[in-house]
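In our numbering, the protein residues as written are 2 to 467.
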């Protein structure tokens, strides 16, 4: 049984794991609530997944446990697939900065997103909370303590290992590091090369090659278009060949084909699809996502990852047995990440300060089991448990209501919906052509709560990413 929030104690010592977007906003919200915060970041800078690294891992497929791990998953040409107005934190708008070397486009490059996070860190003086080049290697409950505190073991760049005791732990380590790879019969004898999109940076290696790309995510579509400009052929393999996102993309290129799932690979270099067609390929590129990974946790007693379901988690955040003393920010996917992180972080911080409360452990477990049952009855694969695309706005509002903050802005919801429609209908141009100017104006009116209107430069389609 975990201890309850003490009515006489509203400030706790909290460890935050990771200084990406989730860890940064978690640190801010925890400090706003007067908690004592330490952020552990294994890199030498903030930004997490938004820090571009041109190097790739020693195992391009990303499955060899002894490989040299590169934590960046960005490709060089990446631009956001969300407009900056809707993408930013709710009270720190992602507006254009009238500064050299900044990208003024509405759908900017990854470097502009990193600049935004650096601005956020500077604005709220978060660097003083962060221990850079310090990796958390183990977290466990301090069983000897009746108060239920946590031991956090970390290792700094000097390789010294340190154990510290914290009241609470907030896990913000992201989920774009451990690749998930398609299982293909015969792949061991297939002579071609394999790569996971985690290690995709530029299209040059695919010049004049025949490529089989597995996946149908937004990044898969972007990468397939980029490769199609230099490759001899690109064959996209997807569970659904009627996927509108893919079929619209297909119309723009002469050497891009859609197929059903890969059935097998063979020693002669051929790749056979479930529809009976085949192609002799040079590369298989896995755009197949990632597996949640918490190497620092004693998974058997806190959470486990089963077919990419992290559980048990109440509302994708709290393990009922240990709530609220350990929590997870950013588990849901197919979401608008930064506002999600902000709302979840407010929820955690305010629970710890005693301003809001969680249901009992029994009620959290009951709610969670009901959710799992309903999800599975609807035919949802376990691996999609945290895909909340169909109810993301309801989820944002649920969390907002729990922590007593305004619900998601209507302009933001409409902007995200219209962007999604354009993304499907116009994958080549949706980032640079739009018709939701009224929503942009509504966003800027809302931003005036935080930034004077005169200080909000206009977005442009001009490339300013350097």
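Note that CB positions come from ideal geometry on N, CA and C, so glycine has one too. Quick caveat: nothing in here was measured; it's all calculated off a predicted structure.
| Query | Result |
| --- | --- |
| On the DSSP bridge assignment, give the partners of residue 141 in chain order. | 152 |
| What residues match up with residue 281 in a beta bridge as DSSP calls it? | 271 |
| If we count the other Cβ atoms within 10 Å of its Cβ and call it buried at 16 or more, is residue 365 buried or exposed? | buried |
| Return the chain-ordered list of same chain residues with a C-beta closer than 6 Å to the C-beta of residue 1, the five sequence neighbours on each side being excluded. | Look at the range of the chain in this structure, 2 to 467, and you will see that residue 1 is not part of it. |
| Taking Cβ to Cβ, would you say residue 169 is nearer than 9 Å to residue 15? | yes |
| Have a look at residue 411 and residue 404 and give me their C-alpha separation to the nearest angstrom. | 19 Å |
| Taking only the alpha-carbon atoms, compute the straight-line gap between residue 413 and residue 212 and give it to the nearest angstrom. | 38 Å |
| I think residue 130 touches residue 40, with their Cβ atoms under 8 Å apart; what is that distance to the nearest whole Å? | 5 Å |
| Since residue 290 and residue 173 should fall inside the 8 Å C-beta cutoff, what is the C-beta to C-beta distance between them, to a whole number of angstroms? | No, residue 290 and residue 173 are not in contact; Cβ-Cβ is about 19 Å, not under 8 Å. |
| Straight-line CA distance for residue 101 to residue 75? | 23 Å |
| Does DSSP put residue 161 in a helix, a strand or coil? | coil |
| Going by the beta-carbon positions, is the gap between residue 286 and residue 341 smaller than 9 Å? | no |
| Distance, Cα to Cα, residue 96 vs residue 32? | 24 Å |
| Look at residue 171 and residue 155 and say whether their C-beta atoms are less than 9 Å apart. | no |
| Would you call residue 452 buried or exposed, if buried means 16 or more other Cβ atoms sit within 10 Å of its Cβ? | exposed |
| Using the three-state DSSP reduction, which class does residue 194 fall into: helix, strand or coil? | strand |
| Just verifying my parser: in three-state terms, what is the DSSP assignment at residue 258? | strand |
| Cβ atoms of residue 162 and residue 150: under 9 Å apart, would you say? | no |
| Tell me the residue span of the beta strand (DSSP E) that contains residue 312. | 310-312 |
| CA-CA distance, residue 112 and residue 144? | 44 Å |
| Nearest to residue 61 by alpha carbon, out of 72, 45, 30? | 72 |
| To which residues of the same chain is residue 210 closer than 7 Å at the C-beta, ignoring the five residues directly before and after it? | 232, 233, 283, 284 |
| Name the DSSP bridge partner or partners of residue 234? | 211 |
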